[in-house]
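For the sequence shown, my numbering assigns the number 16 to the initial residue and increments by one for each residue that follows.
We treat Cβ as the ideally placed atom computed from N, Cα and C, and that holds for glycine.
Keep in mind that this is a model prediction, so the values were computed, not measured.
Beneath this line is the structure, given in structure tokens, with notes to follow.
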Amino acid sequence: WFFDLQWEEVSIMDEKNIPIRTYQVCNVLEPNQNNWLRTDWIHRSGAQRVYVEVKFTLRDCNSLPGVTGTCKETFNLYYHESNEDRESYIKESSFIKVDTVAADESFTQVDVGDRIMKLNTEVRDVKVTTRKGFYLAFQDVGACIALVSVRVFYKTCPLTIRNLATFPDTVTGADTSSLVEVRGSCVNQSEEKEEPKMYCGADGEWLVPIGGCLCSPGYEDKGGVCKACSVGFYKAKSSDTGCSKCPPHSHSLRDGATVCDCHSGYFHADSDPPSMACTQPPSAPQQLISVVNETSVVLEWAPPRRLGGRSDTSYSLECLICQAGSHNRGAGKALPRNHSTPHMPPFQSYPIVSQLSLSISLSFPAPSPVSFIQATDVTRHSLSLSWQQPDRPNGVILEYEVKFYEKDQKERSYRIMRTFSRSVDVTGLNPLTVYVFHARARTAAGYGEFSGPFEFSTNSDPFPLIGDGVNSAFLLLSVSGVGILLLISAAVFIISRRRNKYSKTKQDSEEEKHLNPGVKIYVDPFTYEDPDQAIHEFAKEIDVSSIHIERVIGMGEFGEVCSGRLRVQGKREIYVAIKSLKAGYSDKQRRDFLSEASIMGQFDHPNIIRLEGVVTRCKPLMIVTEYMENGSLDAFLRKHDGQFTVIQLVGMLRGIASGMKYLSDMSYVHRDLAARNILVNSNLVCKVSDFGLSRVLEDDPEAAYTTRIPIRWTAPEAITYRKFTTASDVWSYGIVMWEVVSYGERPYWDMNNQDVIKAIEEGYRLPAPMDCPVVLHQLMLDCWERERAERPTFSQILNMLDKLIRNPGTLSSTVLESGVGSEVCVSVIPEWLQSIGLERYRDTLAAAGYTSLDSLLTLTHQEMDRLGIITPTHQDILIASVQQEMLSQMQHIQHTMVPV
């Protein structure tokens, strides 16, 4: 320790009357004290954040007479990083301040007399990452203080074994919220199932185990150690749970066996699993009987006397000569007893596998298909066909069969003709018609397959202008009448499409729900006494073994949020997001955690985040949803500022509106619609998420007046009267529109919540963002109508956005078109004042000569007081809006300039 003359090293007695050494200073009578006490150089030892625990006593200034203004009750803690212990003198300016430390307990002279030591303990943390070591220093500024002890330490996650993987002792990260990823190594005699990883938290605890190892074949897990299977046991695969006893008629003679060897005279088939008993070969079949006719041979037999201990007995047969004068191989097919099949595939030798059948039929194969058909003597009602014999007749051809039909009938109605020759005359056909023909041959073994399609057309009759029996005048009149009806229908449709943008009130959508009684209605999971009943009714339980966590992507309210893969049997593997409930949760936290899944599980829409399922039968509890690659909409837009077309932005808004229409049709009110709660996938599809705010509002009756309510996105009636309805969601949707068009800018900028509430009450509305189409800003203003009944429904919003997408020309007119130069016309100023809710000052400003935005830039608070604009909120809104409008115009000019 290095200290100046004011600090003294003194021995005192602690509360147990044991002497201890302290450093003391008590210059309280003189002002402007600056007394320093410094430690020796401390080696960092790989730590990135160290903790300093200081134990000290401090005298109460009120118990010291005559020290008013000079006595202090605090001291300062500093540190200085250095690569080596050679700095005997360090300038005060080189130290970095950690904190000012105050005492929780101070003592008086009376306490000293009673030998009561009031010891204070304070802990501070310091980030040290740039040098090999550091110094600590204590600055006294006029206190009566004694330092009893100083302990410097850092935190590590201790050596541990998890899922048969060893994770070394690991120093925590530099930041209090950082997670250090650590890869584990498999213990001896184990192999990696999935890369083992864990995260070392800032508090020295291991978090989120991912992957792990399995004991190698021949070894099993015994308390985190892989031990060899003993004699008489085996383990064939690393995925097996443990060692198993050798099956009957087999044995293992050494430790660590992966398979058991069969006893002498017993065998395993190649396809037998290691757990199956060894068996003996069966004896020969008995009582073979044969029946022969002109095209086939039928064999029957009795089962073997001994089956050898197996139930999957198979029979093998080889036919050496199956046709006179040839050496074709035979074909075998297992059949029920006393049954034969007349047609078999081409002969080849193969074993027959059967458990029950004790008979077989061998037959000549049918002829191959006819390969080519040609047509001759084509007339209006007939044609002649001919063809060659099949390449492989496989016997004597007994007859041919021809199937034909009109091409447009597609075999729905066909005719068949039979002939003994290789030609046929087809009559009774329609003129000028395309027919499709197929042919096949028959032998004693039966019919072969039909040939491929061959198309031929008949000749035509003279083409009549008007069909027989049809009056030409009548036909012409009919055609004219149909045309007139189509014109009238089109006119009615156009007129109906040009009605008002919105119906008078929201009653239209309510009537629509009554007209569609089949619409699914949302069920509040909080109405269930047992939360498990709700979660099992609305969400699918997932086996935790089908979830593979890959990495941590964030921290949620209840625990970590990870990404990974979900592999369900019979379905393709998909990427998912996994929310987990951290350990030590309460019953209320468990209910709140699962309630969001109970809500999501009721929704099925392409613009609503999809719930894949939940894990409730083991810990930790998990909620598994589809994975959205591009994250939240606000962050995504800020990252890609200005990179999308207006149509793309409107497409995003259309998706959000579609999802909200679905929710409103189900009578569900979101309450927290904002761009941060919209997720974006790799195809730029926007999906509504985060269904947890309803729980917050129900649990906290005063929540409407706390910072937990998203004031900037919430409708006035929801803030003041807690009236959350679909109409209040529409208000929030208008704010989302503004966020999207402004590429994730913060609504109302740096105004605090109370100023936002007051400004909205006085009629202020957000101005149009840069390059915002007029029609989109007008739709925003419609969503921000004070009377909720005057706001559009989500169905009407969706229809409006569909119109804009079909007619992109309506999006070309922007709010800034009226003033691209340095000034805005005088006629625009009243409209601009109306858009920010300050139209009342139009005449006042005009009379004072403020007729352009340039002139409004010169307004000061004093000038506005003189003009009678004395409300501070109105003054701030006016100045901020002018600056924002002029900045938007300058950016617009830069975007539209063409280089010379």
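Judged by DSSP in its simplified three-state form, Met-766 adopts coil rather than helix or strand. Listed as beta-bridge partners of Met-643 by DSSP are no residues whatsoever.
Arg-686 sits away from Ala-742, with the two beta carbons spaced by 7 Å or more. Here the alpha carbons of Lys-208 and Pro-34 stand approximately 59 Å from one another.
Distance from the CA of Asp-276 to the CA of Ala-251, rounded to the nearest whole angstrom, comes to 12 Å.
For the pair Pro-46 and Thr-85, the CB atoms are nearer than the 7 Å cut-off. Contact check between the stretch 809-820 and the stretch 673-686: three or more CB pairs, one atom from each, fall below 8 Å, which counts as touching. When Cβ pairs closer than 8 Å are counted between the two stretches, the stretch 650-664 is seen not to touch the stretch 605-617, the count staying below three.
Listed in chain order, the non-local C-beta contacts of Asn-203 below 7 Å within the same chain comprise Cys-241, local neighbours out to five positions each way being set aside. For Gln-39, the enclosing beta strand (DSSP E) has its first and last residue at 34-40. Shortest Cα-Cα distance from Asp-140 to any of Leu-92, Ile-176, Arg-146 involves Leu-92.
By the Cβ criterion, the stretch 58-70 is in contact with the stretch 170-188, since at least three pairs of Cβ atoms, one from each stretch, lie closer than 8 Å.
With the rule of 3 Cβ pairs closer than 8 Å, the stretch 385-401 counts as touching the stretch 431-448.
Closest option to Phe-110, judged by alpha-carbon separation, among Phe-122, Glu-120, Asp-119, Ser-97: Ser-97. Contact holds between the stretch 617-634 and the stretch 544-560, because three or more Cβ pairs, one in each stretch, are under 8 Å apart. For Ile-388, the three-state secondary structure derived from DSSP is strand. Taken atom to atom, the span from the alpha-carbon of Pro-762 to that of Glu-206 is near 54 Å. Straight-line spacing of the CA atoms in Val-43 and Asn-135 works out to 20 Å.
The stretch 780-796 makes no contact with the stretch 691-709, as fewer than three CB pairs between them are under 8 Å. Here Cys-701 is bridged, per DSSP, to Val-695. The stretch 71-116 contains, as complete beta strand (DSSP E) runs of 3+ residues, the segments 89-97 (chain order). An exposed status is given to Tyr-590, since fewer than 16 other beta-carbon atoms sit within 10 Å of its beta-carbon.
DSSP places Tyr-748 in the uninterrupted alpha helix (DSSP H) bounded by 741-756. Scanning the stretch 119-174 from its first residue to its last, the whole alpha helix (DSSP H) runs of 4-plus residues come out as 124-128. Here Ser-265 is buried, its C-beta having at least 16 other C-beta atoms within 10 Å. Rounded to the nearest whole angstrom, the CA to CA distance from Ala-733 to Ile-844 is 32 Å. In the three-state reduction of the DSSP assignment, Val-65 falls in the strand class, which pools E and B. Within the DSSP bridge table, the entry for Phe-471 names Tyr-450 as partners. If you check the CB distance, Thr-294 and Gly-247 do not come in under 7 Å. In this structure the stretch 630-637 does not lie against the stretch 769-779, because fewer than three pairs of beta carbons, one per stretch, are closer than 8 Å.
His-563 sits in a strand when the DSSP states are folded into three classes. The stretch 234-278 contains, as complete beta strand (DSSP E) runs of 3+ residues, the segments 234-236, 241-243 (chain order). Taking C-beta atoms as the reference points, Asp-869 and Thr-829 fail to come closer than 7 Å. Cβ-Cβ distances below 6 Å link Ala-117 to Thr-89 in the same chain, with the five nearest sequence neighbours on each side left out; the list follows chain order. The beta-bridge partner set that DSSP reports for Trp-51 consists of Gln-154.
Linking Val-197 to Lys-212 through their CA atoms gives a straight-line distance of about 6 Å.
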